[in-house]
Amino acid sequence: EPGELELPSSKDAAITARWIKDCLAGVLPIPDSIQKQLACCLVAVGQVNTVELAQQQINDLYGIIITR
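Last residue of the sequence shown: number 124 in my numbering, and the count goes up by one each step with no gaps.
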């Protein structure tokens, strides 16, 4: 939720990897900026034709809602 973003406690590789794992597992929310970057990457590589479709695909895979 806005204002409740939990970032890794340090830039240590192991801590960052654990944080990423928790985000992908749904334990922690994926930051909005990363969700949007992922959606744009899916469009750039031709996985989908629009950012909106990419956002839906991300939601289907990770059970997250991307704010617009």
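The beta-carbon is built from N, C-alpha and C at its ideal position, and this holds for glycine as well.
When you compare only the Cα positions, how much space is there between residue i and residue j?
i	j	result
glutamine 113	proline 64	26 Å
alanine 100	leucine 94	10 Å
cysteine 79	asparagine 115	13 Å
Given a cut-off of 8 Å, decide if residue j and residue i are closer than it, judged by their beta-carbon atoms.
i	j	result
leucine 117	proline 85	no
cysteine 96	valine 107	yes
Who are the near neighbours of residue i in its chain, counting only those whose CB is closer than 6 Å to its CB and skipping five residues on each side?
i	result
glycine 102	none
threonine 72	Pro64
Note down, in chain order, each residue of its chain lying with its Cβ closer than 7 Å to the Cβ of residue i, except the 5 sequence neighbours on either side.
i	result
isoleucine 90	none
Between which two residues does the alpha helix (DSSP H) carrying residue i extend?
i	result
valine 83	That residue, valine 83, is in no alpha helix (DSSP H); it is neither H nor E in DSSP.
leucine 117	107-118
If I measure Cβ to Cβ from residue i and keep anything under 8 Å in the same chain, skipping five residues before and after, which residues do I get?
i	result
glycine 119	Gly82
aspartate 68	none
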